[in-house]
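Asks:
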Amino acid sequence: MTTKKQYIIENILKKPNTDFSKDKYIHKIERKTVEKPVIFVGTGTCGLGAGAGKTSVAVKEYIEKNKIDADIIETGCIGLCSSEPILDIQLPNYNRVSFEKATEDKVNQILDSVFINKIPDNNLVLCQFENENKKWENVPNINDLPFFKPQQRIVLKNCGIVDPVSIDEYIASGGYTGYLEMIKIKKDAEVCEIVEQSGLRGRGGGGFLTGKKWKFALGTPAEQKYLICNADEGDPGAFMDRAVIEGDPHRLIEGMAIAAFAIGATKSYIYIRAEYPLAIKRLNIALEQAKDYGLLGKNIYNLGVNFEIKVKTGAGAFVCGEETALIHSIEGKRGMPRPRPPFPAVSGLFGKPTIINNVETLSNLPFIIKEGEKEFSKIGTERSKGTKVFALSGKIEKTGLVEIPMGTSVREVLFDIAGGIPNNKKFKSVQIGGPSGGCITEVNLDIPIEYESLIEVGAMMGSGGLVVMDEDTCMVDVAKFFMDFIQRESCGKCIPCREGTRRMLEILEDITHKPLHNNQHEALRRFKGVTQLEKLGKVIKDTSLCGLGQTAPNPVLSTIKWFRDEYEEHIFERKCSANVCTELRVFSIDVEKCTGCTICAKKCPTDAILGSRKTPHFIIDDKCIACGTCDEVCKFDAIIIS
342 MTTKKQYIIE NILKKPNTDF SKDKYIHKIE RKTVEKPVIF VGTGTCGLGA
392 GAGKTSVAVK EYIEKNKIDA DIIETGCIGL CSSEPILDIQ LPNYNRVSFE
442 KATEDKVNQI LDSVFINKIP DNNLVLCQFE NENKKWENVP NINDLPFFKP
492 QQRIVLKNCG IVDPVSIDEY IASGGYTGYL EMIKIKKDAE VCEIVEQSGL
542 RGRGGGGFLT GKKWKFALGT PAEQKYLICN ADEGDPGAFM DRAVIEGDPH
592 RLIEGMAIAA FAIGATKSYI YIRAEYPLAI KRLNIALEQA KDYGLLGKNI
642 YNLGVNFEIK VKTGAGAFVC GEETALIHSI EGKRGMPRPR PPFPAVSGLF
692 GKPTIINNVE TLSNLPFIIK EGEKEFSKIG TERSKGTKVF ALSGKIEKTG
742 LVEIPMGTSV REVLFDIAGG IPNNKKFKSV QIGGPSGGCI TEVNLDIPIE
792 YESLIEVGAM MGSGGLVVMD EDTCMVDVAK FFMDFIQRES CGKCIPCREG
842 TRRMLEILED ITHKPLHNNQ HEALRRFKGV TQLEKLGKVI KDTSLCGLGQ
892 TAPNPVLSTI KWFRDEYEEH IFERKCSANV CTELRVFSID VEKCTGCTIC
942 AKKCPTDAIL GSRKTPHFII DDKCIACGTC DEVCKFDAII IS
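Number 958 in my numbering belongs to position 617 of the sequence shown; there are no gaps in the numbering.
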């Protein structure tokens, strides 16, 4: 009897150009049709954080209790993190239907209704996945939802939909066939040319043409060459790489196999942070499956190609996202950057030609090779081709992952796709590109998302994190947060980054803290520091060794450029209008409301509140540390904060 594995190898992998549009067996593997109920639970990290683990347990208990023969599939994140946990159900002859916020207490109600072919009346139904099966009435198609409609999903195509640890499902949907056909008929130089002509640029930072970068390594003679996938992803607010690996690890593996063939590499590493245990687990399972199907190893499908992948876990140092520091870490050395040239494409890992691409860049390759470079280059703009994945977080209605064509405006992403700012608050800014990026303000919301346009307004594509801020945000505090992160993550090798970022952080701390009245030199020191802030930032950019240091001042320079009035308010008025910088708050007591109960005086940690019992109290400014304890304990709303 032919096993599923044998059927797939003999009929798909060994015949990659075969048309399977009418193959019923393949349709079953893809779940276009099902013979028994299938229940999908989104168990990416975000889903598990929202309670998907308990949802999955509740589903299993329901199935066992009601003696229902059904399959339970754990998927990755579909991108709509704010709706987690997400539960999908596919019945025989029916479209797959999806429910949001399906916590464990909602499972029975949802399953009771769906198993009698009804949609529960609990406002949890999200959408349906339209197919050739019977439609659910009054349930929108997933591609008609405002969150998904403007998206064009290449990298995220399978995330949240397929079983991430099923190589059969990935192959049935066309996976690995493009790679096998490529190594059968193409030469390495041809693949480099195809990728260059597609216009694919690095999705991790500088945006250099990927195919052009590959040609440097291909043209460097060496007995051994290496490919490294940078999955370190250390930016606050960025979780694209994690979600891709958790939801579709085989797409990354195929992309790496394509890249390795193009540059002549037979060995590769995936450098991933140890804080991603679920991604590592699913990645290791996928790698074992790829080996079992003969897609990794020696003489792949008798085509003379050798390729192996090793997983290297990093300790979470932000600087190891820089490619030369990453190489040092893999080699067992301290993760510190080195001067360039030579560039890694010429002399990298163990002194051999090495190409480093991130997860998103590599995950675009299966589409380019299978569909062609012209199809990919049709997407996006003249200068920036394809799509870009962004991680949306902060003060936004729909947090999660979106994949949009290059050229889409920032406004469309934030307001049309993500639903705008919650609680009727006003939009203030969005930090794009992580700690090394910059701010986009209301003035620039309509700029197209492409590499050059973002640089022109003082931001950068970076990894693709979008942290949204509303009117209650203090931009000086935001700059201080990112500068604190960068200063702590600096490797300390070069003076401009090590000392410069520390000094910038000290200046920011000075202007967000209450001045000491007994220090006659503080005001002068404070003013001199502020006048040096922009100059110091430019020196750090010009003289730092690696990309981390060269972009470290961006959050400060960007916020000064667009929110100079907030800096001046902090410096000259010693005030934070957003009331975020707690040490600049001024507390006083409304004598009309104060009853003299003495609770605030008893709780004040610095004895800054004076007054007799049953008479209005008052606060001594010099002793007040603006901790807010008085406001927390006052029962009469008598504390005034200004």
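Ideal placement from N, C-alpha and C gives every residue a C-beta, glycine not left out.
Ends of the beta strand (DSSP E) at residue 771?
Replies: 768-773
Asks: Under the DSSP definition of a beta bridge, which residues are partnered with residue 438?
Replies: 430 and 469
Asks: Indicate the three-state DSSP secondary structure (helix, strand or coil) for residue 526 in the structure shown.
Replies: helix
Asks: Three or more C-beta pairs closer than 8 Å, one from the stretch 524-542 and one from the stretch 551-563: is that the case here?
Replies: yes
Asks: Would residue 465 and residue 440 qualify as a contact pair, given that the criterion is a beta-carbon distance under 7 Å?
Replies: yes
Asks: Tell me which residues share the same chain as residue 882 and place their Cβ nearer than 6 Å to its Cβ, disregarding the 5 neighbours each side in the sequence.
Replies: So the qualifying residues of the chain are 891 and 894.
Asks: Run through DSSP, which three-state label would residue 894 get?
Replies: coil
Asks: Using a Cβ-Cβ cut-off of 8 Å (strictly less than) and excluding sequence neighbours within five positions of residue 814, which residues of its own chain qualify?
Replies: 736, 769, 770, 919 and 921
Asks: Using alpha carbons as the reference points, say which of 455, 765 and 529 lies closest to residue 560.
Replies: 529
Asks: Would you check if there are 3 or more beta carbon pairs closer than 8 Å linking the stretch 720-733 to the stretch 592-605?
Replies: With a cut-off of 8 Å, the stretch 592-605 and the stretch 720-733 do not count as touching, because too few Cβ pairs lie within range.
Asks: For the putative contact between residue 523 and residue 710, defined by C-beta atoms under 8 Å, what is the C-beta separation to the nearest angstrom?
Replies: 5 Å
Asks: Can you tell me whether DSSP reads residue 649 as helix, strand or coil?
Replies: strand
Asks: Where does residue 573 land, buried or exposed, given buried means 16+ other C-beta within 10 angstroms?
Replies: buried
Asks: Looking at the secondary structure, which residues open and close the beta strand (DSSP E) in which residue 614 lies?
Replies: 608-614
Asks: Can you grab the Cα-Cα spacing for the pair residue 747 / residue 802, in whole Å?
Replies: If you draw a straight line from the Cα of residue 747 to the Cα of residue 802, it is about 11 Å long.
Asks: Shortest alpha-carbon distance to residue 564 belongs to which of 694, 644 and 515?
Replies: In this structure, 694 is the residue among 694, 644 and 515 with its C-alpha nearest to the C-alpha of residue 564.
Asks: Can you say whether residue 416 is buried or exposed, counting buried as having 16 or more other CB atoms within 10 angstroms of its CB?
Replies: buried
Asks: Which value, in whole angstroms, describes the spacing of the CA atoms of residue 431 and residue 382?
Replies: 12 Å
Asks: Would you mind listing the alpha helix (DSSP H) stretches within the stretch 520-608 that are 4+ residues and don't spill past its ends, in chain order?
Replies: 529-539, 551-559, 581-588 and 590-604
Asks: I'd like to know whether the C-beta atoms of residue 690 and residue 599 end up nearer to each other than 7 Å.
Replies: Not a contact, by the Cβ cut-off of 7 Å.
Asks: By Cβ distance below 7 Å, which residues in the same chain neighbour residue 679 in space, the five residues on each side in sequence not counted?
Replies: Hits under 7 Å: 665.
Asks: Relative to the alpha-carbon of residue 780, which residue among 941, 884, 688 and 810 has its alpha-carbon at the smallest distance?
Replies: 810
Asks: Considering only residues of the same chain and omitting the five flanking positions on each side of residue 605, which have a CB-CB separation below 7 Å?
Replies: 529, 559 and 566
Asks: Return the CA-CA distance between residue 494 and residue 701, expressed in angstroms with no decimal places.
Replies: Cα to Cα, residue 494 sits roughly 12 Å from residue 701.
Asks: Quick one: using the 10 Å Cβ neighbour count with 16 as the cut-off for buried, is residue 568 buried or exposed?
Replies: buried
Asks: Return the bridge partner residues of residue 885 from the DSSP annotation.
Replies: Beta-bridge pairing links residue 885 to no other residue.
Asks: Taking DSSP's pairing of strands, which residues face residue 353 in a bridge?
Replies: Note: residue 353 sits in no beta bridge, so no partner.
Asks: Taking the alpha carbon of residue 732 as the reference point, which residue from 582, 677 and 822 has its own alpha carbon closest?
Replies: Per the Cα distances, 582.
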